[in-house]
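Novice: Chains as they are written, first to last, in my numbering: chain E, 34 to 223; chain Z, 61 to 256.
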Amino acid sequence: MFKSYLDSRMSLTGAQHEWIWSNCTVKRLRKKQYLLQQGDIWKSHAFVTKGLLRTYSIDKSGIEYVISFAMENWWTGDRESLMSGEPSRFNIDAIEDSEIVVIEKEKFEIICKEIPGFNEMANDIIQRNFIASQIRIHESISSSIYEKYQSFIQRYPSFALRAPQSMIASYLGITRETLSRVRHRTAKKS
Amino acid sequence: MDSAIFEIFKQYTKRYAELTESDFEKIEPVGIYRKLRKGQYMLQEGETWKYHAFIASGCLRTFSVDEKGNEHIVGFAISNWWAGDLESLKSNKPSKFNIDAVNDSEVILFPDRAYNKLVTELPSFHKMVITIHDRSFMASQRRILSYISHSAEEKYLAFLEMYPGFADIIPKNMIASFLGITRETLSRIRQVRDNQ
Numbered sequence: 034m035f036k037s038y039l040d041s042r043m044s045l046t047g048a049q050h051e052w053i054w055s056n057c058t059v060k061r062l063r064k065k066q067y068l069l070q071q072g073d074i075w076k077s078h079a080f081v082t083k084g085l086l087r088t089y090s091i092d093k094s095g096i097e098y099v100i101s102f103a104m105e106n107w108w109t110g111d112r113e114s115l116m117s118g119e120p121s122r123f124n125i126d127a128i129e130d131s132e133i134v135v136i137e138k139e140k141f142e143i144i145c146k147e148i149p150g151f152n153e154m155a156n157d158i159i160q161r162n163f164i165a166s167q168i169r170i171h172e173s174i175s176s177s178i179y180e181k182y183q184s185f186i187q188r189y190p191s192f193a194l195r196a197p198q199s200m201i202a203s204y205l206g207i208t209r210e211t212l213s214r215v216r217h218r219t220a221k222k223s
Numbered sequence: 061m062d063s064a065i066f067e068i069f070k071q072y073t074k075r076y077a078e079l080t081e082s083d084f085e086k087i088e089p090v091g092i093y094r095k096l097r098k099g100q101y102m103l104q105e106g107e108t109w110k111y112h113a114f115i116a117s118g119c120l121r122t123f124s125v126d127e128k129g130n131e132h133i134v135g136f137a138i139s140n141w142w143a144g145d146l147e148s149l150k151s152n153k154p155s156k157f158n159i160d161a162v163n164d165s166e167v168i169l170f171p172d173r174a175y176n177k178l179v180t181e182l183p184s185f186h187k188m189v190i191t192i193h194d195r196s197f198m199a200s201q202r203r204i205l206s207y208i209s210h211s212a213e214e215k216y217l218a219f220l221e222m223y224p225g226f227a228d229i230i231p232k233n234m235i236a237s238f239l240g241i242t243r244e245t246l247s248r249i250r251q252v253r254d255n256q
């Protein structure tokens, strides 16, 4: 799956594929297992080949805040910890049994240097992530809760189906009860 | 270009990369110098954005206007920041946003094509751009977390911490819009803080 993802983004020779693959490790997580725990330093790039993960923080009173989800063909990790070398403020765990291709930071950088197409892909991902988060910021200040939910199910239909309601509510920054109400209203309308 | 303005840009780059004089000689002719008076637009909704804009002085804001005429501010940029609509730039689609000057401002516009050429030709420039993109993304992640996890008061405190200097420059109604809270709530929070 990682191979076909790369093929969709750049043209690689068989040898290049093998070389990239030799720099990867595969990690399997069962549901609820952690990829990253708060306080650890994140030092890799992680590509999801199977399953669903979430990135979240926990406040002093134990409430979880879901900042993002990632599924097949998505990248995950904590960019901030990766770049700063500081302990992460986030946890990443598996919502479903998952499989992740992990590339250590140094190896990732070497690949970027050696293969310009790979480097372009890496830059493109950063920019797309930025655009996605700008859209989310704009929605969080300008949209009603109902509109936010509509936009979420339109943009991320798989997340809406696969993630538990409590996590979706947390992602949208609303209570579980409000989400139920919004879902009810959405169902009635359609 | 006004050399004093370009000097601000030169100083700025030192935070992220070591660009040589010959690099700057390639960069300078690409930049377009623009002066914006307070209230003047750099980008208007419906236009396609084609630049990378570096703010040398002043303050710009990026905002959308909904059907009811309410303004929603997604970002501010002061000196040594970048502004623009990356979504419109990358997708080549009309922007949903407006960018105007909160105060008299001076900006350097780098047209996208020339900018990308610099990225390809100058490794140090490339390094700087990646770092900036990374930092922008991290800042927006932090802001998202603030939206979903903070009370109105915590949002304001996080704003003061993340954007030092902004609160003195930017009118209160704009800060309230940026935080997604009402003007009244912001006044209340500020009053409580002042009394403490």
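Ideal Cβ positions, reconstructed from N, Cα and C, are used throughout, including at glycine.
Is the Cβ of residue 194/Z closer than 7 Å to any Cβ of chain E?
Specialist: Yes, residue 194/Z counts as interfacial toward chain E.
Novice: In terms of residues, what are the limits of the beta strand (DSSP E) holding residue 234/Z?
Specialist: Looking at the DSSP string, residue 234/Z is not in any beta strand (DSSP E); the run it does join, the alpha helix (DSSP H), is 232–239.
Novice: Please report the Cβ distance between residue 112/Z and residue 72/Z, rounded to the nearest whole angstrom; I am assuming they are in contact, meaning their Cβ atoms lie under 8 Å.
Specialist: In fact, because the Cβ distance is near 13 Å, the residues do not count as touching under 8 Å.
Novice: Please classify residue 43/E: does DSSP put it in a helix, a strand, or coil?
Specialist: In the structure shown, residue 43/E sits in coil (DSSP, three-state: anything other than H, G, I, E or B).
Novice: If you draw a straight line from the C-alpha of residue 84/E to the C-alpha of residue 38/E, how long is it?
Specialist: Going by the C-alpha atoms only, they are around 16 Å apart.
Novice: Measuring only from the beta carbon, is residue 151/E closer than 6 Å to any heavy atom that is part of the ligand HEM?
Specialist: Ligands displayed in this structure: none; no statement on the ligand HEM is therefore possible.
Novice: Residue 254/Z lies in the alpha helix (DSSP H); which residues open and close that run?
Specialist: Segment 243–255, the alpha helix (DSSP H) holding residue 254/Z.
Novice: When you check each C-beta in the region 110–131 of chain E against every C-beta of chain Z, which residues fall closer than 7 Å?
Specialist: The region 110–131 of chain E vs chain Z, Cβ under 7 Å: 112, 113, 116.
Novice: Have a look at 122/Z, 133/Z, 127/Z, 146/Z and flag the residue whose alpha-carbon is nearest the alpha-carbon of residue 242/Z.
Specialist: For the residues 122/Z, 133/Z, 127/Z, 146/Z, the minimum Cα distance to residue 242/Z belongs to 133/Z.
Novice: According to the neighbour-count rule (16 or more other Cβ atoms, all chains shown, within 10 Å of its Cβ), is residue 78/E buried or exposed?
Specialist: When all chains shown are included, residue 78/E counts as buried.
Novice: Take residue 122/E and list the residues in its own chain whose beta-carbon comes closer than 7 Å to its own, dropping the five residues that flank it on each side.
Specialist: Once the five neighbours on either side are set aside, the close Cβ partners of residue 122/E are 71, 90.
Novice: Could you check whether residue 95/E and residue 207/Z sit closer than 7 Å to each other, using their CB atoms as the reference points?
Specialist: No, the Cβ-Cβ distance between residue 207/Z and residue 95/E is not below 7 Å.
Novice: Go ahead and pull the three-state DSSP assignment for residue 111/E.
Specialist: Residue 111/E falls in the coil class under three-state DSSP.
Novice: Give me the chain E residues within the contact set of residue 197/Z, using Cβ-Cβ distance strictly less than 7 Å, ordered along the chain.
Specialist: Per Cβ cutoff of 7 Å: 112, 159, 162, 163, 166.
Novice: Identify the contact partners of residue 208/Z in chain E, using a Cβ-Cβ distance below 8 Å as the criterion.
Specialist: Chain E residues near residue 208/Z: 98, 99, 100, 173, 203, 204, 205, 206.
Novice: The alpha helix (DSSP H) that contains residue 199/E, what's its start and end?
Specialist: Looking at the DSSP string, the run of the alpha helix (DSSP H) that includes residue 199/E is 198–205.
Novice: Compute the Euclidean distance between the alpha carbons of residue 96/Z and residue 161/Z, then round it to the nearest angstrom.
Specialist: Taking the straight line joining both Cα atoms gives about 6 Å.
Novice: Pull up the DSSP beta-bridge partners for residue 142/Z, would you.
Specialist: In the DSSP output, where bridge partners are listed per residue, residue 142/Z has 114/Z.
Novice: So is residue 101/Z buried or exposed if we call it buried at 16+ other beta carbons inside 10 Å?
Specialist: Burial call: exposed.
Novice: Would you give the residue range spanned by the alpha helix (DSSP H) that residue 222/E belongs to?
Specialist: Segment 209–222, the alpha helix (DSSP H) holding residue 222/E.
Novice: How about residue 168/Z and residue 137/Z: do their beta carbons lie closer than 7 Å?
Specialist: In this structure, residue 137/Z does not lie closer than 7 Å to residue 168/Z by Cβ.
Novice: Rounding to the nearest angstrom, what Cα-Cα distance links residue 156/Z and residue 178/E in this structure?
Specialist: The straight-line gap from Cα to Cα measures roughly 20 Å.
Novice: At which residues does the beta strand (DSSP E) containing residue 87/E begin and terminate?
Specialist: Its beta strand (DSSP E) spans residues 85–91.
Novice: Would you kindly work out how many angstroms separate the C-alpha atoms of residue 50/E and residue 141/E, rounded to a whole number?
Specialist: If you take the alpha carbons of residue 50/E and residue 141/E, they lie about 14 Å apart.
Novice: Can you tell me where the beta strand (DSSP E) holding residue 101/E begins and where it ends?
Specialist: Start and end: 97–104.
Novice: Based on Cα-Cα distance, which residue from 164/E, 160/E, 151/E lies nearest to residue 44/E?
Specialist: Taking only the C-alpha atoms, the option nearest residue 44/E is 151/E.
Novice: Return the chain-ordered list of same chain residues with a C-beta closer than 8 Å to the C-beta of residue 189/E, the five sequence neighbours on each side being excluded.
Specialist: 102, listed in sequence order.
Novice: Taking a contact to mean a Cβ-Cβ separation below 7 Å, would you say residue 75/E touches residue 114/E in this structure?
Specialist: Their beta carbons are under 7 Å apart, which means residue 75/E touches residue 114/E by this criterion.
Novice: Could you check the C-alpha separation between residue 185/Z and residue 131/E for me, to the nearest Å?
Specialist: Approximately 38 Å between the Cα atoms of the pair.
Novice: When Cβ atoms are compared, which residues of the region 138–166 of chain Z fall closer than 7 Å to chain E?
Specialist: Listed by position along the chain: 146, 147, 150.
Novice: Going by Cα to Cα distance, which pick from 148/E, 186/E, 160/E, 161/E is closest to residue 48/E?
Specialist: Of the listed residues, the one whose Cα sits closest to residue 48/E is 148/E.
Novice: Where does residue 86/Z sit, in a helix, a strand or coil, going by DSSP?
Specialist: It is helical.
Novice: Among 74/Z, 191/Z, 213/Z, which one has its Cα closest to the Cα of residue 253/Z?
Specialist: The shortest C-alpha separation from residue 253/Z is found at 213/Z.
Novice: Within 10 angstroms of the Cβ of residue 257/Z, are there 16 or more other Cβ atoms? Answer buried if so, exposed if not.
Specialist: Since the displayed chain Z opens at 61 and closes at 256, residue 257/Z lies outside it and no answer follows.
Novice: Using a Cβ cut-off of 8 Å, which residues of the region 77–96 of chain E contact any Cβ in chain Z, in chain order?
Specialist: For the region 77–96 of chain E, which is checked against every Cβ of chain Z, the residues closer than 8 Å are 90, 92, 96.
Novice: For a contact defined as C-beta to C-beta under 7 Å, what are the partners of residue 240/Z on chain E?
Specialist: Those within 7 Å of residue 240/Z in chain E are 173, 174.
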